[in-house]
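First up is the structure itself, then whatever we jot down about it.
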Amino acid sequence: MKIFFCLTLVFSSIAVIVAPPVQDMCNRPLDLLLLGYYGTGKSTLVNVLNNLCDLDSGDEEEIAKTSTSESLCTKECANYLCTNGTRSLNIVDTPGFTDNENEFDQISTQISDNVPVLLKQGIDAFFVLSPVGRLSDAERVKLINFVKSLITEEGYGRGFIVFTFADNILIDESKEAEKINEFKSGILAVAPEAENFLNAVQFMFYRHSVATEKINGRKKRYSLEESRQRFMRETYSKIHEN
């Protein structure tokens, strides 16, 4: 079953797009929506999820062009078909939000207008990207509030908060839980009304350059390509199982 969009129309009326039941999800690409501030790694994830895990930013083989410059970041909503073995994802990358109020509102309107057109049947999952150590709680709340305006409450459970640039967080259940609880506490201190959303979504960690895991008391480091491949495999598994 797909999740639904809330569309705010003229005169503030609300319409809901309801997708028909899916007979066999494995026979079609699953639809994934990416949302986040600019520079949080959305376009990088598009490449990673197409098994392009060893590319540097700006590589000519990228299917979604990446840049560290705000002026060169994604400006339009765009579809990308990505595959991993026999599984496929239809990913919609979106323009990154900024901390400028007017620009945030313009991008919100652009996404609200374009995404339901690109994904007429709804979506199977959505990622909200949160870079470690780079956003204030207020900025995160603003993004979550936008997501809540776009997705119906019954669809929250298909969502994932993805901590990007999480290279310094050990691959360890307790360390990751500590970061998740810290994130939730910060959000709820500013916006207690976000509790239902935070309790419904799942959490993932994307290590951009290197990942470290403790195995039998010893630390094992994964290379850039290995780190990204781990995330790619986890993403396909979680979305198809969700």
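Residues -19 to -1, 1 to 223 (mature numbering (1 follows the signal peptide of the UniProt record, and there is no 0)) are what the sequence shown spells out, left to right.
The beta carbon of each residue, even a glycine, is placed where N, CA and C say it ideally should be.
As the structure is a computational prediction, the values presented were derived from the model and not from experiment.
**Request:** Give the secondary structure of Gly140 by DSSP, where H, G and I count as helix, E and B as strand, and everything else as coil.
**Result:** strand
**Item:** CB of Glu120 within 8 angstroms of CB of Tyr18, strictly
**Value:** yes
**Prompt:** So, Leu70 versus Pro10, is the Cβ gap smaller than 8 angstroms?
**Reply:** Between Leu70 and Pro10, the C-beta gap is smaller than 8 angstroms, which places the two residues in contact.
**Prompt:** Tell me, which residues are paired with Ser111 by DSSP?
**Reply:** DSSP lists Phe144 as partners of Ser111.
**Request:** Express the C-alpha separation of Val191 and Arg202 in angstroms, rounding to a whole number.
**Result:** 7 angstroms
**Request:** Have a look at Arg199 and Leu151 and give me their C-alpha separation to the nearest angstrom.
**Result:** Arg199 and Leu151 have their C-alpha atoms spaced approximately 12 angstroms apart.
**Prompt:** Who are the Cβ neighbours of Ala59 in its own chain at under 6 angstroms, not counting the five residues just before and after it?
**Reply:** These residues qualify, in order along the chain: Asp74.
**Beta carbon of Val143 nearer than 8 angstroms to that of Leu124** = no
**Request:** Could you give the DSSP three-state label for Asp94: helix, strand or coil?
**Result:** helix
**Asked** Counting along the chain, where does the beta strand (DSSP E) carrying Asp12 start and finish?
**Response** Leu11 to Leu16
**Request:** Answer yes or no: do Tyr187 and Phe212 have a C-beta to C-beta separation smaller than 8 angstroms?
**Result:** Taking 8 angstroms as the Cβ cut-off, Tyr187 and Phe212 qualify as a contacting pair.
**Prompt:** If we ignore side chains and look at the alpha-carbon of each, how far apart do Phe141 and Ser155 end up?
**Reply:** 19 angstroms
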